[in-house]
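**Q**
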Amino acid sequence: IMAIVVPCYNEHEVIRDTNKKLMYLINKLINDTIINSNSYIYYVDDGSEDETWSIIKNICSNEKNIKGMKLSRNFGHQNALLAGLSKVDNKCDFVISIDADLQQDIEAIPKMINEYNLGSEIVFGIRNKRKGETIFKRFFSDAFNKIMKLSGSSIIKDHADFRLMGNKALNALLEHHEDNIFLRGLIPKLGFITSEVKFDQKERL
Ligand code: UDP
Ligand code: MG
Numbered sequence: 793i794m795a796i797v798v799p800c801y802n803e804h805e806v807i808r809d810t811n812k813k814l815m816y817l818i819n820k821l822i823n824d825t826i827i828n829s830n831s832y833i834y835y836v837d838d839g840s841e842d843e844t845w846s847i848i849k850n851i852c853s854n855e856k857n858i859k860g861m862k863l864s865r866n867f868g869h870q871n872a873l874l875a876g877l878s879k880v881d882n883k884c885d886f887v888i889s890i891d892a893d894l895q896q897d898i899e900a901i902p903k904m905i906n907e908y909n910l911g912s913e914i915v916f917g918i919r920n921k922r923k924g925e926t927i928f929k930r931f932f933s934d935a936f937n938k939i940m941k942l943s944g945s946s947i948i949k950d951h952a953d954f955r956l957m958g959n960k961a962l963n964a965l966l967e968h969h970e971d972n973i974f975l976r977g978l979i980p981k982l983g984f985i986t987s988e989v990k991f992d993q994k995e996r997l
C-alpha cells in the first residue's frame, strides 16, 4: 500500500489538477500491479483560507483512494507534512511526500518505488540543476546547506521534501517528539539504507 501525503495551503487553483495527475498515476501503478489497490492520497489542509478544503472534501467523497484532514489553523509546511505522515503511519507500506503544486516531477515516483523494492527504506528526490538558475540563488542555497551542516544537520544537497519513506523509517521518525521539526535535517540521520532519484524541478503551476 502506497500513501502520498500532500500538504496544502491555499492551493485551490492547483489542487484539482494535482489530484487528477496523482490519481492517474495511482491507477496506472495499481493496474501494473506495482502497488496495492488500497493505495491512497492523503491531503493535509494547513488552515487554508480559500476553497482548498471544500475541494478536498468534494474529491474525497466519491473516491475511496483519497483521504484528507484540515488543521485548525496554519501550522507551516513542515508541521502540516508531519501531521500527514503521522496519519498514514502504520496504514501504508511506504509513503511519498510531495508538494501540492507538483513542482516535483511525479515521473520520479515509480523510480522511487523501484528503489524501495530493491531494499532502500528512504529514497530522496534530488533536483537536477535548474536551467536559468542564477549564480546568486545557487550561492545562497549552497550557503544554506553549509550552515545546516555546521549546525549538525545532515542536509542532502538539492533535496527538499520530495521523498519516499518505508513504514519502518516512518515509525523511527515519529519517535522524535520535536516541536520545531525540520524533516530534511532529521530524516537522513535516522540510519536506514537510503538511495536517490533525480528529477527536473518544474515551474509552479
Ligand atoms: N504549505 C503548507 N503550509 C504553509 C505553506 C506551504 O502546507 O504554511 C504547502 C504548500 O501548499 C505546498 C508545499 O507546502 O504543497 C510547499 O509550498 P510552496 O510550493 O509554497 O513552497 P516552495 O515551492 O516555494 O518551496
Ligand atoms: Mg512550490
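Numbering follows my numbering, with no gaps: position 192 of the sequence shown is 984. All C-beta atoms, glycine included, are put in the ideal place defined by N, C-alpha and C. What you are looking at is a predicted structure, and each value in this text was computed from that prediction instead of being measured.
Give the list of continuous alpha helix (DSSP H) stretches no shorter than 4 residues that lie fully inside the region 840 to 884.
**A** Segments of the alpha helix (DSSP H) lying fully in the region 840 to 884: 844 to 853, 869 to 880.
**Q** Report the rounded CA-to-CA distance for Ser846 versus Ala952, giving the unit in angstroms.
**A** Each residue's Cα considered, the two are about 28 Å apart.
**Q** To the nearest angstrom, how far is it from the Cα of Leu814 to the Cα of Ile918?
**A** Cα to Cα, Leu814 sits roughly 19 Å from Ile918.
**Q** When you compare each of Phe886, Ile848, Ser840, Glu841 to Ile827 by their alpha carbons, which one comes out closest?
**A** That would be Phe886, whose Cα lies nearest to the Cα of Ile827.
**Q** Where does Thr810 sit, in a helix, a strand or coil, going by DSSP?
**A** Three-state DSSP puts Thr810 in a helix.
**Q** Please state whether the Cβ-Cβ distance between Leu1001 and Ile927 is less than 8 Å.
**A** Coverage of the chain is limited to positions 793 through 997, which leaves residue 1001 absent and any answer about it impossible.
**Q** Can the beta-carbon of Asn802 be found less than 8 Å from the beta-carbon of Glu841?
**A** Yes. Within cutoff.
**Q** Give every residue of the same chain whose Cβ lies closer than 7 Å to the Cβ of Arg996, excluding the five residues on either side of it in the sequence, and list them in chain order.
**A** These residues qualify, in order along the chain: Asp893, Gln895.
**Q** Would you say His869 touches the ligand UDP, meaning its beta carbon is less than 7 Å from a heavy atom?
**A** Yes, the beta carbon of His869 sits closer than 7 Å to at least one heavy atom of the ligand UDP.
**Q** Taking the alpha-carbon positions, what's the Ile947 to Pro799 distance?
**A** Spanning the two alpha carbons is a distance of roughly 21 Å.
**Q** Relative to the C-alpha of Phe991, which residue among Phe936, Glu899, Ile890 is closest?
**A** Checked all of Phe936, Glu899, Ile890; the closest Cα to Phe991 is Glu899.
**Q** To the nearest angstrom, how far is it from the Cα of Glu855 to the Cα of Lys994?
**A** Spanning the two alpha carbons is a distance of roughly 28 Å.
**Q** Would you be able to state if there are at least three C-beta pairs under 8 Å between the region 860 to 878 and the region 927 to 936?
**A** No, the region 927 to 936 is not in contact with the region 860 to 878.
**Q** Which whole-angstrom value describes the C-beta separation of Phe916 and Glu805, a residue pair presumed to lie in contact below a C-beta threshold of 8 Å?
**A** So it is not a contact: roughly 28 Å between Cβ atoms.
**Q** Mind checking Ser831: buried by the 16 CB within 10 Å criterion, or exposed?
**A** Classification of Ser831: buried, given that the 10 Å Cβ count is 16 or more.
**Q** Cβ atoms of Ile848 and Asp837: under 8 Å apart, would you say?
**A** Yes, these two residues count as a Cβ contact at 8 Å.
**Q** Is Lys990 helix, strand or coil when you go by DSSP?
**A** Note: Lys990 maps to strand in three-state DSSP.
**Q** Rounding to the nearest angstrom, what Cα-Cα distance links Thr825 and His969 in this structure?
**A** Spanning the two alpha carbons is a distance of roughly 36 Å.
**Q** Counting only the same chain and skipping the five closest in sequence on each side, list residues whose C-beta sits under 6 Å from that of Ala872.
**A** Same-chain partners within the cutoff: Pro799, Val836, Asp838.
**Q** Which residues share a DSSP beta bridge with Asp837?
**A** DSSP output for Asp837 lists Cys800, Lys862 as bridge partner(s).
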